[in-house]
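Reading through the structure tokens given below for one structure.
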Amino acid sequence: MSSTGGDLQVNQEALDILNSIEQTVVVVSIVGLYRTGKSYLMNRLARKQTGFPLGSTVQSETKGIWMWCVPHPHRDDQTLVLLDTEGLADVEKADEKNDTWIFSLVVLLSNVLVYNSRGTIDNDAVKNLHYVTELTEHIKVKASKAEETSSNYKYFFPTFVWAVRDFTLELEIDGKSITADEYLENALKLKDVLGNLAVTYVDAIRSGSVPCLENALNALSQIENSAAVEESFALYRRLLGERVKLHTETQEELSSAHEGCLKEALQLFMKRSFKDEDQKYQAALMERVKKAYEEKCAENEEMSRKHCAALLLQLEDDMDPEEAYMKPGGYQSFKDQLNNLVKLYRCKPAKGVKAEEVLEAYLREKNGIGKIILAADKNMSEQQRHLEEQRAQLEEEKQRAAAAREQQVALERRMNDIERAHKENKRQLMERMVILQAVLQAKNEADMEQKLRV
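In this text, residue positions in the sequence shown follow this note's numbering: the first is 10, and each later residue adds one.
This is the structure:
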């Protein structure tokens, strides 16, 4: 991030590097007065001799915010992002507000914030922390001032580390050895006003106007959750395409694949989403999956129809042409060949979910032709014709019932799919809520334990 003409600008190359990182990132930033060795300390954190530029003159080397991404030294699944900042209180700066905005940005972006100073923690060192209190004029947690509470900030502000460089004194007070933390606590007691530092910090946040952490988080959640929906939906479609080859023999085959793909898509969404408090984006994902599944079912049915229609036309090639049946005894010959065609059709595998529906439509058409052949058959008496018509009508109704059952089975299966999808969605949501509640409880218990120790 650079400062050009007084305006802060994001470096696109750095942004591309961040976007390419798929691991969890741990962001460590450093701030402090200019020419105090911040860049050197960050190079040491990276375990490198060189990296961030170093200088030996009174002019500062670092301008804006520089980023360096390195593997985490102890966690293989994380990336360490180091942010080296422009020194505070540089006499060559034209606008002191630049310090505040840089400080604001690293607070908003960091997990750990290192404040770098030299020598002892004396009055001058403490006074230099006015940049920290000045920062509170530029950050809010909540969009509404009425919603601000002190408990909000601990969840957003980074861990604060004060690095005291070139410290040569012994850690001892009144003849007793003390720790670095005890030394810092004692230094902060030097003046009563420093005890109100936290109050000043919070009051400034409440009265500030920009930027607002709540609005920033809401904007971030929109971006992240929209991306989570897209990635999860893309995963669902890819998996369904890989696991199912249309057309399927049964609706069950497609339904089972859909159920497994939905489960994995929801798992990805739960992992990828952020602050989807009202489940708005999760509902959007479910709606898109539902629509895609319905389209896949419709495609599956249409492919089955086309396959079955082509199969019937192929089998029909072995039947005589219609005019060949227009003779005495022709109706019986027509019925024998048609029954044989149906028998062969039913023996063929992989017809799909619309096998009975297509056969019902085919036989309905053929029965119409059969009535014409029956009327032209001189070998049959009127009574025989009437019996054959009744028999044909019964067979047509029987096939219509078979097609209806086929349709009902598919419909019930798809209704069950909707119900199971709802249950899976609810199950994963409840599972996530339990985990978040456990994390929050552990955090609160740790905070309470810390307060009791103090």
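C-beta atoms are modelled at their ideal positions from N, C-alpha and C, and glycine is treated no differently. Nothing here was measured: the structure is a model prediction, and the numbers come from that model.
Across the structure, V40 and T168 are spaced so that their CA atoms are roughly 13 Å apart.
Beyond the five residues adjoining it in sequence on each side, V238 comes within less than 6 Å, by CB distance, of Y290, A293, L294 in the same chain, given in chain order. Within a 10 Å sphere around the beta-carbon of M424 sit fewer than 16 other beta-carbons, which makes this residue exposed. In the DSSP assignment, R127 falls within the unbroken beta strand (DSSP E) covering 121–127. In its chain, beyond the 5 residues on either side, I39, V170, A172 have a beta carbon closer than 6 Å to the beta carbon of V123. CA-CA distance, I74 to K272, rounds to 42 Å. If you check the CB distance, M279 and R441 come in under 8 Å. Close CB contacts of Q437 within its chain, under the 6 Å cut and outside five residues either way in sequence, are with L275, M279 (chain order). Within its own chain, the residues whose Cβ lies closer than 7 Å to the Cβ of K357, once the five positions on either side in sequence are excluded, are L320, listed in chain order.
The alpha-carbon of A370 is positioned some 31 Å away from that of R252. Along the length of the region 400–425, whole beta strand (DSSP E) runs at least 3 residues long do not occur.
A Cβ-Cβ distance of about 32 Å is found for the pair V418 and Q288, leaving them out of contact under the 8 Å criterion.
Take the alpha-carbon of Q21 and the one of V36: they are about 18 Å apart. Under the three-state reduction of DSSP output, A172 falls in the strand class.
Taken in chain order, the complete alpha helix (DSSP H) segments of 4 residues or longer contained in the region 258–307 are 260–281.
Annotation for Q32: no alpha helix (DSSP H) segment contains it, and DSSP assigns it neither H nor E. Distance between S313 and R429, taken at the CA atoms: about 25 Å.
Check the Cα spacing between R127 and each of R53, M328, L42: the tightest is with L42. Under the three-state reduction of DSSP output, I232 falls in the helix class. Beta-bridge analysis with DSSP links T88 to V34, P80.
Contact check for K47 and D93: beta-carbon distance about 6 Å, within the 8 Å limit, so the pair qualifies.
The shortest CA-to-CA distance from A411 to any of K352, D86, L368, K387 is the one to L368. Listed in chain order, the non-local C-beta contacts of A55 below 7 Å within the same chain comprise W77, V79, L91, local neighbours out to five positions each way being set aside. Here V443 is exposed. Its C-beta has fewer than 16 other C-beta atoms within 10 Å. Taking the Cα positions, L353 is about 16 Å away from G361.
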